[in-house]
Ligand code: GDP
Ligand code: MN
């Protein structure tokens, strides 16, 4: 899960990293009050889960209250690189003397943690890396290593922080690392980590985080209370919320064919097969969801899965693609029948089995003589049939 800037700042603040005072507001009516509370000048910043907001006009400095309201009125209706703005952050504007970039992320290739930093921050790191590759330093924190103040100080020095900033930078690196570890993050990025203050007053200068990007590892959500504090009403898809409550790996898409399979790879292929069939048949039928039922494709799991998938009124047919492993297809077949009775399903279901006890499973379904259960030999055939059935339904309901 990616966090909004205002949420990411919260996590940095919890570790004691200095960020300018700021208030998150969702509508224009609250901007004047927020600006008043923060004190002028302020920066009005679009809250979207995408970078390059500055270049897209989503970050504006306002010298007075009216300018802040105007900026917010311009920014709130914006869609930036395909993302609708979810609110604005009204933040205390600081006088920037220098911009650094620092991030900590999971490095899958070397199976440890990557610290990326450059003394020429501000723009996106990809651009910096393209234009000034020599300025970007990359260091590692070993998976089992501890990262202490000494290591952080060494790192801050080699990154190229100005002499006077090294100690503070080391503290920030250490706190970022704590933030990363304690929150099970996959990315903690500060850009810009800005040196702010009055250029003529050495004592006023300090480093603070003006922008933050944090991604959390969804697999760790269970030990953070599901990260409920970061769930925002506007982002929540009601089907996905319910699926999460039921412990299902479900992603809501926008089509008409519900897809249920076991194993993420198999489900992804099934989605492609449905999309392709819809295109091939010229109907524009698309998959309605991703649902990986996992290893335990028993009756209970099948029941919950079908319930979620069919609760989406757009769904006109369901494609069940199971490769029998530890769970045999025989069990899955019984599960499907049980779920159909319990839920009173009348929409067409296309089943494709392979692997452990596939023929037995298919026989069980055949002998049940349900008119809305269809069986197919291959994934492509099953997807084509499910797409056709969904198209027929769409046609007949016109
Ligand atoms: P991004 O474009 O999405 O990465 O948004 P940022 O929050 O990084 O803002 C873009 C740029 O706006 C920064 O690199 C700064 O140059 C500028 N900016 C952001 N906050 C402030 C601030 O408090 N004061 C000043 N002077 N500039 C700011
Ligand atoms: Mn930024």
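In this note's numbering, the protein residues as written are 41 to 438.
Glycine is no exception: its CB is placed at the ideal position from the N, C-alpha and C atoms.
Please say whether residue j and residue i have beta carbons closer to each other than 8 Å?
i: residue 310; j: residue 270; result: no
i: residue 332; j: residue 289; result: yes
i: residue 361; j: residue 266; result: no
i: residue 339; j: residue 379; result: yes
i: residue 375; j: residue 342; result: yes
i: residue 298; j: residue 349; result: yes
i: residue 424; j: residue 317; result: yes
i: residue 157; j: residue 141; result: yes
i: residue 385; j: residue 346; result: yes
i: residue 377; j: residue 328; result: no
i: residue 68; j: residue 111; result: no
i: residue 81; j: residue 102; result: yes
i: residue 395; j: residue 366; result: no
i: residue 183; j: residue 152; result: yes
How about residue i: is its Cβ closer than 7 Å to a heavy atom in the ligand GDP?
i: residue 134; result: yes
i: residue 95; result: yes
i: residue 162; result: yes
i: residue 254; result: no
i: residue 85; result: yes
i: residue 57; result: no
i: residue 239; result: no
i: residue 139; result: yes
Hey, is residue i close to the ligand MN, as in C-beta under 7 Å from one of its heavy atoms?
i: residue 91; result: yes
i: residue 232; result: yes
i: residue 251; result: yes
Can you name the residues that DSSP bridges to residue i?
i: residue 229; result: 143 and 253
i: residue 363; result: 394
i: residue 179; result: 155
i: residue 219; result: According to DSSP, which records beta bridges pairwise, residue 219 is partnered with nothing at all.
i: residue 415; result: 391
Check: Would you call the stretch 198-212 and the stretch 161-171 in contact, with 3 or more CB pairs under 8 Å?
Finding: no
Check: What are the complete beta strand (DSSP E) segments, minimum 3 residues, inside the stretch 279-336?
Finding: 289-292, 297-301 and 329-332
Next item on the list: Could you tell me whether the stretch 215-227 touches the stretch 49-59, where touching means 3 or more Cβ pairs closer than 8 Å?
Entry: yes
Margin query: I'd like to know if the stretch 95-109 and the stretch 136-152 are in contact, where contact means that at least 3 CB-CB pairs between them fall below 8 Å.
Written below: no
Notebook entry, point to check: Between the stretch 41-54 and the stretch 196-207, do at least 3 Cβ pairs fall closer than 8 Å?
Noted result: no
Next item on the list: Indicate whether the contact test is met: 3 or more Cβ pairs, each with one atom in the stretch 272-280 and one in the stretch 244-258, closer than 8 Å.
Entry: no
Next item on the list: Return the chain-ordered ranges of every alpha helix (DSSP H) run that is complete within the stretch 61-141 and spans a minimum of 4 residues.
Entry: 71-78 and 105-115
Check: Touching or not, the stretch 181-192 and the stretch 117-135, by the rule of three or more beta carbon pairs under 8 Å?
Finding: no
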